[in-house]
Every structure is written in C-alpha cells, then in structure tokens.
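Below is one structure, written out as structure tokens; the observations come after it.
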Amino acid sequence: MGFDPTKDKAIEEQLVKDLQAGKVSSFEQLANLYQKNIYTLSFNLTRNATDSQDVTQEVLLTLFKKGHTFQGKSAFSSWVYRITLNASYMKLRTRKKEPNLSIEDLLPSLNGAGFQQEKLQDWSENTEAAFFDKETRRVIQKAVDLLPDKEKVVFLLRDVEGLSTEKVSEVLEITIPAIKSRLHRARLFLRKKLASYFEDYKTRKERK
Amino acid sequence: MICCKECLELLHDYIEGELSAEVHASFEDHFEDCPPCIVFLNTYKAAIHMSQTTLKSNDIPDIVKERLKKFIDKNKAE
Ligand SMILES: [Zn+2]
Numbered sequence: 012m013g014f015d016p017t018k019d020k021a022i023e024e025q026l027v028k029d030l031q032a033g034k035v036s037s038f039e040q041l042a043n044l045y046q047k048n049i050y051t052l053s054f055n056l057t058r059n060a061t062d063s064q065d066v067t068q069e070v071l072l073t074l075f076k077k078g079h080t081f082q083g084k085s086a087f088s089s090w091v092y093r094i095t096l097n098a099s100y101m102k103l104r105t106r107k108k109e110p111n112l113s114i115e116d117l118l119p120s121l122n123g124a125g126f127q128q129e130k131l132q133d134w135s136e137n138t139e140a141a142f143f144d145k146e147t148r149r150v151i152q153k154a155v156d157l158l159p160d161k162e163k164v165v166f167l168l169r170d171v172e173g174l175s176t177e178k179v180s181e182v183l184e185i186t187i188p189a190i191k192s193r194l195h196r197a198r199l200f201l202r203k204k205l206a207s208y209f210e211d212y213k214t215r216k217e218r219k
Numbered sequence: 047m048i049c050c051k052e053c054l055e056l057l058h059d060y061i062e063g064e065l066s067a068e069v070h071a072s073f074e075d076h077f078e079d080c081p082p083c084i085v086f087l088n089t090y091k092a093a094i095h096m097s098q099t100t101l102k103s104n105d106i107p108d109i110v111k112e113r114l115k116k117f118i119d120k121n122k123a124e
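Protein chains in written order, with the working numbering: chain D, 12 to 219; chain X, 47 to 124.
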C-alpha cells in the first residue's frame, strides 16, 4: 500500500492537522501512508537498499519533527517528495553532470522534409512474454539508470509515482513545458534502449 | 499533411490528449498514411508501460520492512 495522490487528499488533510496539533499517533500514520512511496522513489534513484532504508527513516523523522512547520503553500505530498529527493541525492555522492539529451538522437532517421525513411520493427506485440523474463527486467532497470538525472526524476515522479504534470512541476519547481519536454525525452530514451533489446529478442530466444 | 518529425516531437501531447482538436485530427490523418509512425507510437507506449510496471514493482524488501517497523515502534513510543 502506498500513497495515491489522486485519491488520498482527505487522508492527507487530516494527517497534516494531526501533525500540526502535535499528535503522536500521526508518526505511525505517516509511515503507513508514505513509506512505500519514499522507499521506492529513493531506491529507483540510488539502487541501494541500505541507502533507501536510511532515506526512508530520515524522511519520516523529518516529517514528524517538522510537520508542524508545514505551511501548506504546496501539497503535503509534494513536500514529502521534495524531502525524499534531497535525501536521496545526498546519498549519491557524485551526481553526474550530463549533457542534455538531444531529441534528434532519440528519433528515427528522418529525411530533409522530416519524414521517416526506414521501416521500423513493431516489437510492442512481443513484450507480454518477455515481461516475466529476468533479463528484460534487468535491461529496463539499466535503461532507467542510464537516464540523465534531470529526465530520470521527471520520469519517476510522473510515470512511476503517477503524479500529475502540475504536481511534478510543484515538487521540482520547474515549469510545466519543461516537465513535458523532459518527460518526452525520457520516454524516447527508454523506447530507444528497449527497441535495441526487443528488435532481436525473438531471434535470440529462438536460437537458444 | 504534417511530417513525421512534427508528429514524433509532439507525441507526448498527443497521447496525453493535450493537442487542440484541429492538430489532433491532423495527427490521426498522418497515422493513417504512415505505418512507421504507428510503429513508433506503439513502441513508445510499450516502453512507457514496461518501464512503469517494472519500476513500480520495486517494493520494500521484507528485511527492510522489519527494520522500518522497529524504527517506527521506537519513535512512536518516544
Ligand atoms: Zn510519419
């Protein structure tokens, strides 16, 4: 069970009230409501169970101890995500400085008029069987790990955590058009990585 | 007719339903005449779906769950 930002608004409001009133029971409530979201987001960024456990404990304590100072300028869950991101980044001692993903590198080859030249293989239909394959999971995890930080965090919040574009913009404090273009680049990047894996998935399996 | 480049660059807005009715219609026209863009759209969606599902399934391991529970009980008591 985790926090579903689209549904749990009322629960969140009550919790914030309890925190502001200094109710002790709210610590357990906080943990029940957010620990999965905190842990998963942190793990998807750090890929380290110990680090993610530390981050989860740290974030829960911060929320509990500083919850009464929460101003309500943004949604409480946005605050939770922001603290989680900061704590996770602290664990990643070296944050790589990557160049921006260039959209041209992520699109298929186009002619001068902007039309596709080559025939693309539609591997989307043979993904069902591959889904339960350990190797597929590994390839996907690795593709996500390879995303530059800027695109990765947008992909994790929007497509994995399921936040709205507006909410992601609130958490990261960047504009909505910037969120959209980062998300699109992240998705194009993942598509490209998965394409090179799936395009010869069938032949590889048949050979085995 | 819009070209593939325009179509692929705005794929995010297309699948999120954020295009104006007019532009959306021109996308539908393009897809009708352009099998490669349909393939691209299908694989774009498949990549999102697969990555999403895989990453969502990264649940808290049982051992970490236990440690977190101890941590919560300890802080609850204080
Ligand atoms: Zn096309």
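From the three backbone atoms N, C-alpha and C, an ideal C-beta is built for every residue, glycine too.
Counting C-beta atoms within 10 angstroms of its own C-beta, Ser135/D has 16 or more neighbours from the protein chains shown and is therefore classed as buried.
From the beta-carbon of Ala93/X, the residues of chain D found nearer than 7 Å are Arg198, Leu201, Arg202, Leu205. For Leu131/D, the three-state secondary structure derived from DSSP is coil.
Per DSSP, Ile49/D is one residue of the alpha helix (DSSP H) stretching across 37-57. Assignment of beta-bridge partners to Leu121/D by DSSP yields Gln127/D.
Contact annotation: Cys53/X and His70/X have beta-carbon atoms that are not nearer than 7 Å.
At least 7 Å separates the CB of Tyr208/D from every CB of chain X. Asp108/X does not reach chain D, its nearest Cβ partner there being about 11 Å away, counting only Cβ pairs nearer than 9 Å.
For Gly78/D, the three-state secondary structure derived from DSSP is helix.
Taking non-hydrogen atoms of ligand 1 into account, the C-beta of Gln127/D is found less than 6 Å away from one of them. Counting only residues of its own chain and dropping the five nearest sequence neighbours on each side, Gln31/D has a CB closer than 8 Å to the CB of Gly78, His79, Phe81. Under the 7 Å criterion on CB atoms, Met96/X is classed as interfacial with respect to chain D. Nearest to Glu172/D by C-alpha distance, out of Asp62/D, Ser88/D, Val27/D, Gln40/D, is Ser88/D. A distance filter of 5 Å between CB atoms and the heavy atoms of ligand 1 selects the following residues in sequence order: Cys50/X, Cys80/X, Cys83/X. For Glu68/X and Glu62/X, the gap between their C-alpha atoms comes out near 15 Å. In this model, Glu181/D and Lys84/D are separated by some 10 Å (Cα to Cα). Lys28/D sits in a helix when the DSSP states are folded into three classes.
For His58/X, the closest Cβ of chain D is nearer than 7 Å. Not one beta carbon of chain X lies nearer than 7 Å to the beta carbon of Asn137/D.
Not one beta carbon of chain X lies nearer than 7 Å to the beta carbon of Arg149/D. Thr67/D reaches chain X at Leu114, counting residues in chain order whose Cβ is nearer than 7 Å. Under the three-state reduction of DSSP, Phe142/D is assigned to coil, being neither helix nor strand.
From the beta-carbon of Phe86/X, the residues of chain D found nearer than 7 Å are Pro119, Leu131.
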